[in-house]
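Visitor: Just so you know, the sequences run in chain order A and B. Using the numbering used here, read the first sequence as starting at 427 and increasing by one per residue. Using the numbering used here, read the second sequence as starting at 2 and increasing by one per residue.
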Amino acid sequence: MSATFLSLQGVSKRFLGLLAVDEVSFDVAAGELLSVIGPNGAGKTTLFNLLTGQLSPSAGRVVFNGVDINGQPPQARARIGFGRTFQMSQTLTSLSVLENAMIGSFLHHRHISAAADHAYASLELVGLQHRANITAGELTLSERRRLEVARALALDPKVVLLDEVMAGLNQTEVQGMVDLVRTLNGGGLTFLVIEHNLKVVRQFSHRVVVLDRGAKLAEGSAEEVLANPAVIEAYIGKSKQ
Amino acid sequence: MPRIRTFRQELPPLALTAVLLAALVGLYSGDNFTLNILATTFLFAGLATAWNILGGFGGQFSLCHGVFFAEGAYLTANMVLGAGLSPWWSLAPAAGLAAATAVLISWPAFRLRGPFFAIATMTFSEVVLVLANYFESITGGPQGMRVPFRPGWQNMIFTGRIAYAWLMLGFLLLALIVSLVLLRSRLGYYLQAVRDNEAAAEASGIDVLRTKLMAFAISAAVTGVGGSLFVMYVRIVDPPTLLTLSDVGVRFALIALIGGVGTGYGPLFGALLVVPLEAWLRAELGAYAPGSNLVVLGAVLVLAALFFKRGLVGAFQSLPLPARWTGRLART
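#1: When Cβ atoms are compared, which residues of the stretch 187–204 of chain B fall closer than 8 Å to chain A?
#2: Can a CB atom of chain B be found closer than 9 Å to the CB of Phe441(A)?
#3: Locate the beta strand (DSSP E) running through Ala446(A), then write down its first and last residues.
#4: Arg505(A) CB to nearest chain B CB: under 9 Å?
#5: Looking only at its chain, what residues have a beta carbon closer than 8 Å to the beta carbon of Ser30(B), apart from the 5 residues adjacent to it on each side?
#6: Within the present structure, is the beta-carbon of Val148(B) separated from the nearest heavy atom of the ligand NAD by less than 8 Å?
#7: Please give the ranges of any alpha helix (DSSP H) in the stretch 588–619 of chain A, keeping only runs that are unbroken, at least 4 residues long and fully inside the region.
#8: Could one say the Cβ of Arg112(B) lies closer than 9 Å to chain A's Cβ atoms, at least one of them?
#9: Quick check on DSSP: helix, strand or coil for Phe1(B)?
#10: Determine whether the Cβ of Thr7(B) lies closer than 9 Å to any Cβ atom of chain A.
#11: By the 10 Å Cβ neighbour count, where 16 or more other Cβ atoms means buried, how is Pro655(A) classified, buried or exposed?
#12: Identify which residue in Leu22(B), Leu181(B) and Glu72(B) has its Cα closest to the Cα of Leu92(B).
#13: Closest by CA to Leu44(B), which one among Arg196(B), Asp32(B), Thr224(B) and Leu313(B)?
#14: Taking the CB atoms as reference points, tell me whether Phe431(A) and Ala456(A) lie closer together than 9 Å.
#15: For Val651(A) versus Phe452(A), is the C-beta spacing smaller than 9 Å?
#16: Should Gly228(B) and Ala74(B) be called a contact, given that it needs their Cβ atoms to be closer than 9 Å?
#17: Measure how close the beta-carbons of Gln193(B) and Leu444(A) come, nearest whole angstrom, since I'm counting them as under 8 Å.
#18: Under a three-way DSSP split, which group does Arg505(A) fall into?
#19: Please state whether DSSP places Lys439(A) in a helix, a strand or coil.
#20: Along the stretch 226–246 of chain B, what residues have a CB closer than 8 Å to any CB found in chain A?
#21: Quick one: which chain B residues come within Cβ less than 7 Å of Gln501(A)?
#22: For Glu525(A), go through chain B and note every residue whose CB falls closer than 9 Å to its CB, in chain order.
#23: Name the chain A residues that come within less than 8 Å of Arg185(B), Cβ to Cβ?
#24: With a threshold of 9 Å between beta-carbons, can Gly263(B) be considered close to chain A, or not?
#25: Please classify Thr160(B): is it buried, with 16 or more other beta-carbons within 10 angstroms of its beta-carbon, or exposed?
#26: So what does DSSP say about Lys642(A), is it helix, strand or coil?
#27: Going along the chain, which residues of its own chain have a beta-carbon closer than 6 Å to the beta-carbon of Gly464(A), five neighbours each way excluded?
#28: With 16 as the cutoff for other CB atoms within 10 Å, does Met514(A) come out buried or exposed?
#29: Between Ile5(B), Pro14(B) and Phe34(B), which has its C-alpha nearest Leu177(B)'s C-alpha?
#30: Determine, using beta carbons only, whether Leu432(A) comes closer than 9 Å to chain B.
#31: Quick one: Cα of Gln597(A) to Cα of Ile495(A), how far?
#32: Ordered along the chain, which non-local residues of its own chain (more than five positions away) have a Cβ less than 6 Å from that of Leu524(A)?
#33: Find the residues of chain B that neighbour Gly530(A), judging by a C-beta separation of less than 7 Å, and give them in chain order.
#34: Along the beta strand (DSSP E) that carries Phe490(A), what are the first and last residues, could you check?
#35: Assuming Ser574(A) contacts Gln516(A) under a Cβ cut-off of 8 Å, what Cβ separation, rounded to an integer in Å, is found between them?
#36: How long is the line joining the alpha carbons of Leu565(A) and His534(A), rounded to whole angstroms?
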């Protein structure tokens, strides 16, 4: 029997008095496109940080391909196949756009020219190849988000975690990003996506996990979850009757 | 398509730099005063270039590079005076000792970030200054150590000042080659990624501590070699000469900052401005009003801090020149 691709088992994270993530469990299958939604402060980003090792859980386990990876730091998780973007974009502002992507591609390509070629290919995926030689600090916000996706893709990851990459993008750009994620997912790449744009969530998710105040509120297809009264209540409050 | 500079592309400007600096030595070959200034300039240019590997590319503001400098100097003096060996044999051990020290202090120091790292390294430098005064058997204590004047190639002591200018030019070129090879390597990119954003670096599979540590060791090794050459050049050293922060540790950083921190050639430009200016002011003004040379130098540094925030190289880049020209000096 093959182990579950990625599995969260009763994962909690406590910051002093605040329980940011409260015993969350769910599995992610290889090749899946899973969205994590929830109101502001629900613990979505904290959950991502627990998955990629920026934070370590107070309780519970993160299991990847049958291996407990709780103790592994972020750089080790990048090596075993985790790629991610950050909610607040973390561009390497003094490097060029191409060099930013190269920072990712160096993981599997030691030589400069091989890393540059591979990085350029990931810039082409996100449509930033025409900006390759400018300094990344000069990019617009939406370009920075796309650059982060390119850097994550340059790692040749097995699973990509996108933390609100659509935020601040215009409609055309959002559609471009949706198409990109769908294409890559079609090629077998697993995605975990934090997204506030529910139209997007409906459009591409195989499955949706809803978090509210740290705990898992619901899990299922986008249609099921978004019709769930508890989810609607968490998002827009109780209706007066 | 991708346009990334490799070390091979750095070779023509590096060769041009070597030729220009050599021409400068040739031009002043009869003038011992100027040759001394050139030798000191090249030495400090090399030391600032070494500092820039960690401080500039890696953004880790070390103020303990004086320790590595002193280690090189004391190791060489001891090998020459104690064991009667040729100083040439001491260069590799000096590099090794400095690198090992850097690795040792990395473990506590890199737990600290930004200014706290700078303060920790500064403290380390001050502690070593006290220890250097105390352990007379190794350092000669406050009296210092004196290397006797026995000219000869194998003794690295020369009657003509021009030989020292060539020696220091050789050291500068070594430092530039190490720095540029690193800048155009994976480690160089990783260092810059760590400087720009540690979280993004980690998420890209970079071991941040290991990256800083390797840069620190390489930077320290080159600095140690500089210390070895320095002791053979001045032939008398005491703890304040080697470890006073304002004259050594901070000076490396200052030269790099004035020239353009984090750029390949910035530290060289900084040294070309600061070292001769200091020497000239000391000669011209020091005699009339002692200390006035420092006032003028201080004013120059303040002006540089105000108007050349990105150093001389940064100021040059912002001139309205064709990118083809300014690009030569740029990091990318």
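For each residue, glycine too, the CB sits at the ideal point set by N, CA and C. Note that this is a predicted model, so its numbers are computed, not measured.
Guide: To lay it out plainly:
#1: Arg187, Tyr190, Tyr191, Gln193, Ala194, Arg196, Asp197, Asn198, Ala200, Ala201, Ala202, Glu203 and Ala204
#2: no
#3: Leu444 to Val454
#4: yes
#5: Leu36 and Ile163
#6: The ligand content of the structure shown is nil, which means the ligand NAD is not present either.
#7: 597–612
#8: no
#9: What is shown of chain B runs 2 to 333, which leaves residue 1(B) out entirely.
#10: yes
#11: exposed
#12: Glu72(B)
#13: Thr224(B)
#14: yes
#15: no
#16: yes
#17: Gln193(B) to Leu444(A), Cβ: 36 Å. No contact.
#18: helix
#19: strand
#20: none
#21: Glu203, Gly206, Ile207 and Asp208
#22: Ile5, Tyr190, Gln193, Ala194 and Thr333
#23: Ile538
#24: yes
#25: exposed
#26: strand
#27: Lys470, Val636, Leu637 and Asp638
#28: exposed
#29: Pro14(B)
#30: no
#31: 37 Å
#32: Ala545 and Ala558
#33: Ser205
#34: Ala485 to Phe490
#35: A small correction: the amino acid at residue 574(A) is Glu; Ser does not occupy that position in the sequence shown. Indeed they touch by this definition, with Cβ atoms about 7 Å apart.
#36: 26 Å
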